[in-house]
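Converting from the sequence shown to the numbering used here requires adding 174 to each position, the first position being numbered 1.
Virtual Cβ for every residue (Gly too), placed ideally from N, Cα, C.
Please read all numbers here as calculations on a predicted model, not as lab measurements.
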Amino acid sequence: PAGISVGILSFGAQNVVPTLLQYLGGDAVRTRRAVLIGSIIPLAMYTLWEAVFLGTVPFDPSTAGSKMQVVAALGETGGDAVRRMVEIF
């Protein structure tokens with residue numbers, strides 16, 4: 175199921191809270207704030223990445239099944255820097 179990766183990550187990342195609490199001198203409020211901000215920053219970056227990627231690659235239902243065509247479209251529409259990164263990839 176799709177939720178397995180989320181479950182594994184949540185069990186693996188939960189051990190950071192006691193360590194963070196110790197680093198912050200036992201201050202629960204600062205620890206909550208650190209966990210919240212530390213979760214919001216990657217969420218915002220991932221959301222921005224998805225918006226850029228989905229906005230750059232044109233959607234054509236007839237070619238939606240081909241991953242290589244999506245990568246080629248990204249290289250064509252992203253400019254020289256993106257084209258070079260796609261070629262390296």
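With fewer than 16 other beta carbons inside 10 angstroms of its own, T221 counts as exposed.
Secondary structure note for L198: it is in no alpha helix (DSSP H), with a DSSP letter that is neither H nor E. In the three-state reduction of the DSSP assignment, G253 falls in the coil class, being assigned neither a helical nor a strand state. Rounded to the nearest whole angstrom, the C-alpha separation of S179 and N189 is 17 Å. DSSP, reduced to helix, strand and coil, places G229 within a helical segment of the structure shown.
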